[in-house]
Amino acid sequence: MSETTTAPERPVTVEADETKPGFIGVSVPRKEDKRLVQGEGVFVDDVKRHAMAYVHFARSPYAHAAITSIDVSKAMELEGVYGTLIGEEVAAQTDAFFQIAPPPGGHVRDYALAVGRVRHVGEPVVAVAAATRELARDAADLVEVEYEPLTPVVDMERAADPGMPVLHDEVGSNVIWNGQFDYGDFDAALAEADKVVKIDRLHFHRFSSTPLETSGALVEYNRGTGQWTIQSNNQFPGFAVIMMAPALRVGIDKLRFVSQDIGGGFGNKICTHVQLVALCLLARKLRRPVNWTEWRTDQHTANSHGNERVFLDVEVPVKADGTMLGFRARMIDDCGAYTRYEPLGCIIWAQVTPGAYRWRNVRVDFTQVCTNKSPCGPNRGYSRMQHLWFTERVIDIVAHELDLDPVEIRKRNYIRADEMPYETPNGCIYDSGDYARCLDEALKLVDYANIEERRRDAEARGKLFGVGIGSTLDSGTNNFGQSTLVNPELQFSGNNEVATVKLDIFGEIVVTIGTTPQGQGHETTAAQVVADMLGVTPDDVNVRAGHDSYWNSHAGFSGTYASQFAVTGLGAVKGATEMLVDQIKRIGAAVLGADSTDDVFLEGGFVKRKDNPEAALPFMACGAIVNANNAVLPMEARDITLNCRYVYVPPHQLPDKERKYGNLTLTYATQIHACVVEVDPETGEYEIIDYGAVDDCGVRINPQIVEGQVHGATAQALGAATHEVFTYDEEGNLLTPNFYDYHVPHALDMPPLKTGYIESPSPFTPLGAKGMGEGGGAGLSAVCSALQDALKARGGAIVWDSCNPPHRVWEMLQNPEQSRANVRVENM
Amino acid sequence: MAEPVSSATIGVDVNGDRYEREVAARKLLVHFLRDDLDLTGTHVGCDTGNCGACTVIVDGVAVKSCMILAIQADGASIETVEGLASDGELHPLQQAFSSRHALQCGYCTPGMLMSAKNLLDHNPEPTETEIRRAIQGNICRCTGYVNIVEAIDAAAKGEVSG
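Residue numbers (this note's numbering), protein chains in the order written: chain B, 559 to 1386; chain H, -10 to 151.
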């Protein structure tokens, strides 16, 4: 195979106003692959310019310190060093980045380089530009910065205590945001309950998806027009320009974002606007293109971590039959040293407030604090993953303490398929799904029917045996109106994405999209949709690779993030193609002498008369007439351009700020995972011996791509559940700053993965598809759940942390009472 | 005492093409390939030798090209991802990676392919464990390795088209 060559399963014929499936739903090989398997992709560090400089950042060795002096003279003496940029210049030439938080959290002043003070190890202090990568690094080592160390804040649970050092003086404390969420009637639920399960503390750890390609950019400044071209791997240019243009004091059209291939993102490449501003200033100052490619150690130390969160004083009212009535909790979230996408995480969890369950009474006190650690940002499953892990832990702990069957308690409490669309206690509308059926499928994958036999077999070999379940939702197509629930003054809401589809002069079908794919196969799935609608094959559809904000397929929320392409991106593609179909038919009808567009259809690259398919006009002729021979057209057809732009806007409403109520995302894909472990009781070492992942993302445009995302998301979750953790010492030094110390799964670490699916089409989206790809959180829950089950036979420890490397399992085996003291059951 | 040498002229054979270049003694082979020869298919994903994105084959041995200096490759014969396809025909591994959806972002893919080629060059009929061991030094963050292992197995068996 060399191109996309899948033969259509059905004829590629398109009747009037009707899309006939031909390629949608088929695992068409990816259009992207041909270049990528030959090393012919264009990633950001592959792009070179004449006389470009390489940039290296001199970074803070302290977690918290005042900068007393900066001396770059020795660096500048080195031959081949072009120049430097320091915080004072940044503070003079830019405004601090716009803050999402309301005051006082919104008083954080965040610049492209540290100004006067550093707040985490690895924070960029000075940028140095030189002729080679090596020289830039040498020169950065010669930068002399004097620091006055300050006491760092590293314990998020104590960050808000009186007397703690304050990171941002303007804020006045380390609390960035606090809010109350109160849905249903929690007091009435307590009164109705037969038992209340109380859990003192659960902890979700700090990690990130660590894309294999680090962040980077090549930035050029056009002096004549005052315009920057930013070739980068930023995955959300819509957000980046909103942050950067005001900081740089220019209009957004002065910032041209370009990317082709991006080596993974997972949310971690959303907040690179900070470094990009430093590069813009350097390119302008030095009058030359500047290249920055982040080092892996810098990516781990100072890029974008996933949020750490604790769940305190949890109370869960339960009926005697296992019906769960709600939960109350105090949640503290750590966003690290700066608020770059935060405090949006303080509301994004609420997209899935009840998780997969029917409980209606929820009371949450949510606080976000800052600490002297790497800033946090979106990370695959952003903020919902933490919350869904919490709800799954609660379900399992309740089952464990009340001796209820984990499968039965889930089925009793899951939202039912016949209740869809389901309105959650906070007004989100779960569009479709069948969680119980997904669970049955997942259990089948791990041969649950014979699980007790396998348990006995493992125990006979001296192993502890556990089976666990993870139930999560991947909420996609954000309603940015949720930002107003953290800051009522914000003027953001809804969502959008753009596509253009045109028929060019020689009949080429050319598609551009506003997205920035990082491996999701957008070129392929977009071509599948266009092919079906135009009656051609994906081979006939040229989808431009990558993103360019100058293509006119860019809107305020353009990018690839938050599980939405199948809805917003393909919704835009479908809308633009519908316009093109109509225009082609008008040309065809006119040329072929048909009375109306109803009398023609599209097939195999021709417009044909229905009553005489021999009368056919090739697309090439349509393209030629409109683009290069349009004087032949009657005046009433002169509005036809064959160049159609469509902005997909989902049907979102403004949420109710007072009640923190409303639908926060358009779709809710389902993931139900089942995990089987064997634990060595002597060492705490354990092995995942069986694993099943069932996914429901509605209509699957390309099943192979969907399954690939399920594999990858699950692998990331298993890595996070078993090993991956950003550990800091008490001075705020990151102890796992690269792949040497931060162990991500390798090929031998991965258990056999079995996948299954069901399709519950979304009633709310253009193609019945839902965004997906972030649903790996189920793996974190499933592993914790399986360990909990395995430990039951040896003291019944409570799995309280989301990361359980063997040493933690060993600790729970040695001292189960320690974690058990966390949990109580009270009879009402 | 003589000044230490800070640069040297080296000659290498890359994918059958001969190159002679003066290189800084400190330059890593991967940067020589990417920056001096513009063979940007070989990628850099870490700074500790863990990720394998830069894997190439040097004189018949898979090597992480960020872990040796360019001058150490003087006189060597090097294979990179750019040399896998011939006469416009993709290598069976490349075909299998595509048909089995063994790549998403494609950043690890060149290194993964070179490790896989090195495996099949020495062991044409590997077991699944041998395949996993052969790519143990290559990190992929997108696929969970499921389809990569399947693709290498398919290529070994000549079942590349899916």
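Ideal Cβ placement from N, Cα and C applies to all residues, glycine included. All figures in this text were calculated on a predicted structure; none of them were measured in a lab.
B:Gly1093 has its alpha-carbon roughly 28 Å from the corresponding atom of B:Met1193. For B:Arg759, no CB of chain H lies under 8 Å from its own CB, so it is not counted at the interface with that chain. The beta strand (DSSP E) runs lying completely inside the stretch 859 to 889 of chain B and spanning 3 residues or more are 866 to 876, given in chain order.
In this structure, B:Val648 places its C-beta atom within 8 Å of the C-beta atom of B:Leu671.
For B:His831, the nearest beta carbon of chain H is not closer than 8 Å to its own beta carbon.
Spanning the alpha carbons of B:Arg1012 and H:Arg89 requires a straight line of approximately 32 Å. Contact between the stretch 73 to 80 of chain H and the stretch 34 to 42 of chain H is not established, with fewer than three Cβ pairs separated by less than 8 Å. Contacts with chain H (Cβ-Cβ distance below 7 Å) from the stretch 749 to 776 of chain B involve Ser767, Thr768, Pro769, Leu770, Glu771, listed in chain order. B:Ser1111 and B:Ile1071 do touch by the CB rule: their CB atoms are close to 6 Å apart, below 8 Å.
In the DSSP annotation of this structure, H:Leu22 is not part of any beta strand (DSSP E), being labelled neither H nor E. DSSP lists B:Leu776, B:Val816 as the bridge partner or partners of B:Gln789. Here B:Glu1136 carries a helix assignment [DSSP, helix/strand/coil]. Taking a C-beta distance under 8 Å as the contact criterion, H:Ala51 and H:Val1 do not qualify as a contact pair. Taking a cut-off of 8 Å for Cβ pairs, the stretch 757 to 765 of chain B and the stretch 1375 to 1386 of chain B touch, as three or more such pairs fall below it. Minimum Cα-Cα distance from H:Leu58 among the listed residues H:Lys106, H:Leu92, H:Ser(-5) corresponds to H:Ser(-5). Each of B:Ala1305, B:Ala624, B:Ser631 was checked against the Cα of H:Ile141, and the nearest Cα belongs to B:Ala1305. Rounded to the nearest whole angstrom, the CA to CA distance from B:Cys1180 to B:Gly663 is 57 Å.
At a cut-off of 8 Å between C-beta atoms, H:Asp110 does not count as an interface residue with respect to chain B. For B:Val673, the secondary structure class from DSSP, reduced to helix, strand or coil, is coil. In chain B, no part has a C-beta under 7 Å from the C-beta of H:Val52; the shortest such distance is about 16 Å. Taking the C-beta atoms as reference points, B:Pro933 is found nearer than 8 Å to B:Tyr896. A straight-line Cα-Cα distance of about 29 Å links B:Ala621 and B:Trp947. Contact annotation: in the stretch 60 to 74 of chain H, residues whose CB is within less than 8 Å of a CB in chain B are Thr69, Val70, Glu71, Leu73, Ala74. Looking only at B:Asp879, B:Trp850, B:Ser1033, B:Gly825, the smallest Cα-Cα distance to B:Asn865 is reached by B:Gly825. In this structure, DSSP gives B:Cys904 a helical state, which the three-state scheme calls helix. Under the 8 Å criterion on CB atoms, H:Leu79 is classed as interfacial with respect to chain B. Within the same chain, Cβ atoms closer than 6 Å to the Cβ of B:Gln818 are found at Val600, Ala1103, Gly1104, the five residues on either side in sequence being excluded. By the criterion of a C-beta distance shorter than 6 Å, H:Glu139 is surrounded in its chain by Arg89, once the five residues flanking it on both sides are discounted. Counting only runs of 4 or more residues that sit fully inside the stretch 1094 to 1168 of chain B, the alpha helix (DSSP H) segments are 1128 to 1150, in chain order.
The secondary-structure analysis by DSSP pairs B:Trp1358 with nothing; it has no beta-bridge partner.
Between B:Arg951 and B:Leu997 the beta-carbon gap is near 17 Å, outside 8 Å, which marks them as no contact.
Secondary-structure assignment with DSSP links B:Asp1248 through a beta bridge to B:Val1234.
Sixteen is the threshold: since fewer than 16 other Cβ atoms of the shown chains lie within 10 Å of the Cβ of H:Ala14, the residue is exposed. According to DSSP, residue pairing for B:Thr1323 in a beta bridge does not occur. A Cβ-Cβ distance of about 5 Å is found for the pair B:Tyr1249 and B:Cys1233, placing them in contact under the 8 Å criterion. Between B:Thr1225 and B:Lys1328 a beta carbon distance of about 4 Å is seen, short of the 8 Å cut, so the two are scored as contacting.
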